[in-house]
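To keep things clear, I will list the structure first and then write my remarks on it.
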Amino acid sequence: MSTAALSELQPVVPPRTHVPDIAIEAVSRDFSRAIERAEVAAWLDLYAAAPVDFATRQGLSVARDGDLVWTTCATIPLIHFNCVKNIGVDEPATEEQVDALLAHYRAAGIMRPWLYTNPHTEPSRLRCWLEARGMQQQGGWERIYRDATPLPDEPLFPGDPLIPVDDLMVEEVTPGTALEWASFIDAKYRLPTSPWLMALVGRKGWHHYMLKRRGSVAAVRSLFISNGAAWSGIDAPVPGIMAPNFDLDAMLGERMVRDGIAAGAKLFVADIEAPRPDRDGPAYRNYDRLGFRLAYLRSHYSYLPANSS
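Count along the sequence shown from 1, then add 3; that gives the number in the working numbering.
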């Protein structure tokens, strides 16, 4: 009997289907707008809180044209501070709009502005317009969300039983601990933003959290709640990028979901900043346990460093 004939006798094994570690749910265009607006509201309030002298010194500004919002900062090179937050979200973008925004950043001396797109931004050819102007997709973040379904009473991420209970502790930032929190963030990102961050402590809608290990800050994350929508950000270190450990961020996330529900939040929005093609790994598993679902990948477009001129 030939080898070919033998192979024909072997049972046919269907290919294994990969199951993502988080529930994926297609959202409507209207719901995607609610997701994006939660972040835009947080950034508008964050900029409104910036001390005038700090904003002037850093060249920090936020502008809007109707619902469209974009940020500019000559001294802080991070993506958040030189980006168009929501082009094509609330109304279809135009090529004239894209050109005007890019001209603004050139005039401000910003060589690498960022524009975001997602499967619902309009028109669908927006990406083609960006690429025609020399921009390229450079990664992106997974947009995740949850509703106000309560979490189980028992902790989802209990500490290691071999480690004393008081070793890891999540606490909300107060005016008395604001400098400690802000200094930790500045040290992680190598930024001079402490005066700005401290202005957010005690501000309406903002809740900031520190996870401490043996009394020292090990991780932080914030929550902004407005009109029932809660956006989570200002995290450090970013798990999967700045730190290999995802457990500390998960503990912060659990505290924020519990507190957010108690504060009346109906929609929670967050990001997985180190996406994986198979939607697997600890970040996806942790957020799935917290009740989050994956809506879509938000793509980030900018110029490559070599082409920034």
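Quick reminder that beta carbons are idealized off the backbone N, C-alpha and C, glycines included.
Since the model is a prediction, treat every value here as computed from it, not as a measurement.
DSSP state of Ile113 mapped onto helix, strand, coil: Sequence index remark: in the sequence shown, residue 113 carries index 110 (1-based). DSSP places Ile113 in coil when its eight states are reduced to three.
Close-in-space but distant-in-sequence residues of the same chain around Tyr192 (CB under 8 angstroms, 5 per side omitted): As a position in the sequence shown, residue 192 is number 189, starting the count at 1. Result list for Tyr192: Leu81, Ala239, in chain order.
Status (buried if at least 16 other CB within 10 Å, exposed otherwise) for Glu145: Mapped onto the sequence shown, residue 145 falls at position 142. Result: buried.
Ala122 to Arg32 span [Cα, whole Å]: Mapped onto the sequence shown, residue 122 falls at position 119. Mapped onto the sequence shown, residue 32 falls at position 29. It is Pro, not Ala, that sits at residue 122 in the sequence shown. It is roughly 9 angstroms from the alpha-carbon of Pro122 to the alpha-carbon of Arg32.
Given 8 angstroms, three or more beta-carbon pairs between the stretch 212–231 and the stretch 102–114: no
Beta strand (DSSP E) segment containing Arg301, residue limits: As a first step, residue 301 must be located in the sequence shown, where it is residue number 298. In the DSSP annotation of this structure, the continuous segment of the beta strand (DSSP E) that includes Arg301 starts and ends at 296–305.
Element boundaries [beta strand (DSSP E), containing Phe84]: As a first step, residue 84 is located in the sequence shown; it is residue number 81 there, counting from the start. Here Phe84 belongs to no beta strand (DSSP E), and DSSP marks it neither H nor E.
Environment of Ile275 [buried if 16+ CB atoms lie within 10 Å]: Numbered from its first residue, the sequence shown carries residue 275 at position 272. When all chains shown are included, Ile275 counts as buried.
Stretch pair the stretch 86–105 + the stretch 52–59: three plus CB contacts closer than 8 angstroms: no
DSSP bridge partner residues for Arg36 (one or two, in chain order): For the purposes of this step, residue 36 is taken as residue 33 along the sequence shown, with counting starting at 1. DSSP lists no partner for Arg36.
For Ser235 and Ala52, the rounded distance between their alpha carbons: In the sequence shown, the residue the question calls residue 52 occupies position 49. In the sequence shown, the residue the question calls residue 235 occupies position 232. Put simply, the backbone Cα of Ala52 is about 17 angstroms away from that of Ser235.
Close Cβ partners of Glu39 (< 6 angstroms) along its chain, the five nearest in sequence each way excluded: Stepping through the sequence shown from its first residue, residue 39 is reached at position 36. Answer for Glu39: Asn89, Val92, listed in chain order.
Coarse secondary structure for Ser197, derived from DSSP in three states: Here the question's residue 197 lines up with position 194 in the sequence shown. Helix, per DSSP.
Minimum length 3: unbroken beta strand (DSSP E) runs contained in the stretch 159–243: 171–175, 209–216, 219–229, 232–239
Boundaries of the alpha helix (DSSP H) in which Leu129 is found, first to last residue: Translated into positions along the sequence shown, residue 129 becomes position 126. Segment 129–135, the alpha helix (DSSP H) holding Leu129.
Supposed close pair Met172, Ala185 - CB separation, criterion 8 angstroms: In the sequence shown, residue 172 corresponds to position 169, counting from 1. In the sequence shown, residue 185 corresponds to position 182, counting from 1. The pair is not a contact, with the Cβ atoms about 19 angstroms apart (cut-off 8 angstroms).
Through-space distance from Glu99 to Leu255, alpha-carbon basis: As a working mapping, residue 255 is identified with position 252 in the sequence shown. As a working mapping, residue 99 is identified with position 96 in the sequence shown. Rounded to whole angstroms, Leu255 to Glu99 spans 42 angstroms at the Cα level.
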